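Below you'll find the structure, written out as structure tokens, and then a few comments.
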Amino acid sequence: MNNTPYTLYTFAMSHYSEKIRWTLDISDIAYREVCLTPVFHILPALTMGKRGQTTLPVLKTPKGSIQDSTRILRWLNEHHGPLPLMPAAHLPEIEEVAKRFDAIGKDVARYLYAHSFGSGDEHIKRLWTDHATPGQAAFIRSAYPFIRWAFRRKLSITEAGAARAHRRIGDAVDWLDARLADGRTYLVGGQLSTADLTAAALLAPLACPSEHPVYGEPVFRQTMAGAAAPWQVRPSMAWVRRLYAQHRGAMHGGALQNPLQAAA
4 MNNTPYTLYT FAMSHYSEKI RWTLDISDIA YREVCLTPVF HILPALTMGK RGQTTLPVLK
64 TPKGSIQDST RILRWLNEHH GPLPLMPAAH LPEIEEVAKR FDAIGKDVAR YLYAHSFGSG
124 DEHIKRLWTD HATPGQAAFI RSAYPFIRWA FRRKLSITEA GAARAHRRIG DAVDWLDARL
184 ADGRTYLVGG QLSTADLTAA ALLAPLACPS EHPVYGEPVF RQTMAGAAAP WQVRPSMAWV
244 RRLYAQHRGA MHGGALQNPL QAAA
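The sequence shown: position 260 = 263 (the working numbering), numbered continuously.
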């Protein structure tokens with residue numbers, strides 16, 4: 004796997020990273036995953052992305068690096084396509100549905116951090132250091148109060164911000180419930196597509212599917228149980244868990260293969 008032409012740089016807990024990781028796995032495109040550590044991701048993201056942005060994922064290829072999950076999907080479809088997950092006949096609608104759920108990505112993060120900073124700090128520190136070097140981990144733990152403050156400012160994690168995020172997530176879940184009300188299995192064109200993967204990946208921190216290496220952990224479910232409670236019995240969350248159970252499969256990039264065991 005180390006000789007594969009593609010390297011995917013991610014945050015382990017990133018729902019946008021999961022969208023690309025899942026697409027690569029289902030499309031049988033070989034890659035190696037490197038999970039970066041918050042704060043220490045900034046310079047690599049700026050250097051590889053060359054777009055003045057610190058966001059992940061970044062897909063490094065022999066032809067250059069692509070930053071941003073939507074741009075990565077389009078690049079993969081152009082260079083490995085047409086991907087079965089992105090059929091040309093339905094591509095505009097697939098991208099429109101994906102855009103709807105990409106738009107709540109920051110809201111999901113904002114809402115969950117708003118409900119876990121303070122009460123779930125030990126778990127957050129563990130998530131942020133699971134793939135860190137010893138020196139990076141020591142820095143994250145010692146500087147955690149400042150890093151938490153910086154995250155609050157960057158994501159506008161305030162009472163008003165969390166309330167807006169709650170409404171936006173609720174609107175997306177309402178839309179998905181309505182879309183699924185006719186009994187369909189997939190969101191566009193009667194087949195699995197990146198519309199489904201995007202919706203499921205972006206809602207996975209709330210649905211906590213067992214197949215996800217971070218959101219499926221019992222400690223994550225316990226830490227986020229109160230925050231996720233408003234939506235747990237909604238058809239949308241059952242659909243996310245069902246899609247993961249039926250289609251997630253193995254993760255081939257290497258970085259998330261039982262990270263806790265690897266650290267033990």
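Cβ atoms here follow ideal geometry from the backbone N, Cα and C, with glycine treated the same way. Bear in mind the structure is a predicted one, so any value in this text is a computation, not a measurement.
Checklist entry - For histidine 82, does the count of other Cβ atoms within 10 angstroms reach 16, so buried, or fall short, so exposed? => result exposed
Item to check | Contiguous alpha helix (DSSP H) assignments of at least 4 residues, all confined to the region 131-161 | outcome: 137-145 and 147-157
Item to check | Contiguous beta strand (DSSP E) assignments of at least 3 residues, all confined to the region 56-86 | outcome: 61-64 and 67-70
Next on the checklist: Considering only their Cβ atoms, is the gap separating aspartate 28 from histidine 255 smaller than 8 angstroms?
Outcome noted: yes
Item to check | Where leucine 11 falls: helix, strand or coil (DSSP) | outcome: strand
Checklist entry - Ordered along the chain, which non-local residues of its own chain (more than five positions away) have a Cβ less than 8 angstroms from that of threonine 132? => result Thr40, Gln139, Ala140, Ile143 and Arg144
Item to check | Whether arginine 113 touches isoleucine 160 by CB criterion (8 angstroms) | outcome: yes
Next on the checklist: Applying the 10 Å Cβ sphere with the 16-neighbour rule, what's the burial state of threonine 188?
Outcome noted: exposed
Checklist entry - Would valine 100 pass as a contact of leucine 190 if the rule is Cβ separation under 8 angstroms? => result yes
Checklist entry - Which partner residues does arginine 35 have in the DSSP bridge list? => result Thr10
Next on the checklist: My output table needs one value for glutamine 249: the three-state DSSP class, helix, strand or coil.
Outcome noted: helix
Next on the checklist: Just to confirm, is the Cβ distance from leucine 209 to tryptophan 242 under 8 angstroms?
Outcome noted: no
Checklist entry - Buried or exposed: isoleucine 23, going by 16 or more other Cβ atoms within 10 Å of its Cβ? => result buried
Checklist entry - Taking one C-beta from the region 37-56 and one from the region 85-100 each time, how about it: are there three or more such pairs within less than 8 angstroms? => result no
Next on the checklist: Going by beta-carbon coordinates alone, are tyrosine 88 and serine 30 separated by less than 8 angstroms?
Outcome noted: A quick correction: the sequence has leucine, not tyrosine, at residue 88. Cβ distance < 8 angstroms, so leucine 88 and serine 30 count as in contact.
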